[in-house]
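Here the sequence shown stands for residues 1 to 246, numbered as in this note's numbering.
Each remark here refers to the structure printed beneath this line.
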Amino acid sequence: MNEEEQLKKRFADLADKAYSRDICTFTNFLGLLELNTYYNIEKELSYVDRSLFGGNDFCERQIVRFGNIETAFPIDCIHITPVLKKFSDELSHRDFLGALINLGIKRETLGDIIIMDNEAFVFCLNKISEFIVENLTRVKHTVVKCNITDTIPENAFNRIKVKEFNVASLRLDAIIGEVYNLSRSQSQNLIREKRVFVNGRITENNSYNVKPEDKITVRGMGKFIFGDTIHTTKKGRFFVDAHIFV
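Structure representation (structure tokens):
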């Protein structure tokens with residue numbers, strides 16, 4: 001049984017357990033590929049209530065909850081800050097993630113890590129939050145402090161650049177090409193390599209017609225939300241916009 005089949009079985013087992021015992025069960029945090037596997041069998045699990053959440057509506061890594069929708073997701077958010085900002089290293093997503101992994105923490109217990117002004121907001125399973133607060137004292141050469149928080153700055157997730165452009169069609173490969181300044185063949189290669197996700201699902205159709213509010217992620221490049229057609233030119237081209245996360 002390969003990893004994908006094992007994951008499908010895990011989803012089915014959690015759904016069965018929630019349904020038969022009338023309880024709530026949860027996955028760990030799932031990445032894009034794992035979420036795609038979930039979406040592929042979602043209809044088979046329709047006999048039980050299901051919902052997804054990652055700590056914030058904009059989070060990419062998410063947990064699937066099976067059962068009672070009133071049961072809270074087991075997620076905490078940890079705010080990590082340098083003790084002396086003036087002398088802090090320049091800290092990246094990789095630096096914060098590496099420091100957490102070096103504590104022996106498994107990736108599936110961690111959700112999104114949001115970097116803002118050399119600080120981090122880390123979503124994690126609540127069973128490991130106290131461990132992180134007590135044990136994470138350094139990122140690179142920078143001494144840090146941690147605390148569990150319910151307060152996240154509004155602009156931590158809403159750092160968006162709006163790009164307007166015109167295209168001959170609303171094909172997926174054309175839109176990706178314009179957003180990331182790629183040739184049509186480069187965009188098609190990304191789609192062929194299964195690096196493009198539309199609303200959480202791998203999309204291998206170059207000619208998929210992008211719709212308003214579609215959330216598109218290109219692994220290794222970023223993500224954006226397609227806006228809408230602002231107007232159509234006299235030559236029949238579409239003048240559109242995209243909201244790119246930066």
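For each residue, glycine too, the CB sits at the ideal point set by N, CA and C.
Let me confirm a value: E193 is counted as buried when at least 16 other C-beta atoms fall within 10 Å, else exposed. Which label applies? Burial call: exposed.
Only counting the same chain, and skipping five residues up and downstream in sequence, which positions put a Cβ closer than 8 angstroms to that of L103? Answer for L103: F131, I132, N135, L136, listed in chain order.
Anticipated Cβ contact below 8 angstroms, N118 with K85, distance rounded: The C-beta distance from N118 to K85 rounds to 7 angstroms, short enough to fall under 8 angstroms.
Considering only their Cβ atoms, is the gap separating C77 from F121 smaller than 7 angstroms? Yes.
DSSP state of N118, grouped into three classes? The three-state reading of DSSP puts N118 in coil, since its state is none of H, G, I, E or B.
If you reduce the DSSP assignment to three classes, tell me which class F87 lands in. Residue state, collapsed to three classes: helix.
Under 7 angstroms Cβ to Cβ from R195, same chain only, skipping five residues before and after it: list those, please. Excluding positions up to five away in sequence, the list reads V218, R219, G220.
Output the distance between the C-alpha atoms of N68 and A15, rounded to the nearest integer angstrom. C-alpha separation (whole angstroms): 11 angstroms.
Assess contact between the segment 92-106 and the segment 146-155, defined as three or more Cβ pairs (one per stretch) separated by less than 8 angstroms. Is contact present? They do not touch, by the three-pair rule.
So N147 packs on F239, CB below 8 angstroms; how close in whole Å? That belief does not hold up - the Cβ atoms of N147 and F239 are roughly 46 angstroms apart, past 8 angstroms.
What residues match up with E164 in a beta bridge as DSSP calls it? Beta-bridge pairing links E164 to D241.
In terms of residue numbering, what span does the alpha helix (DSSP H) encompassing L97 cover? Segment 93-101, the alpha helix (DSSP H) holding L97.
When you compare the CB positions of C59 and D112, do they come within less than 7 angstroms of one another, or not? Yes. Within cutoff.
Three-state class that DSSP yields for D220 in the structure shown: A quick correction: the sequence has Gly, not Asp, at residue 220. Three-state DSSP puts G220 in coil, outside helix and strand.
Secondary structure of N2, DSSP reduced to three states: DSSP, reduced to helix, strand and coil, places N2 outside both helices and strands of the structure shown, so it counts as coil.
Alpha carbon to alpha carbon, how far is S183 from H141? For S183 and H141, the gap between their C-alpha atoms comes out near 41 angstroms.
In whole angstroms, what separates the C-alpha of N36 from that of N189? In a straight line, the C-alpha of N36 is about 19 angstroms away from that of N189.
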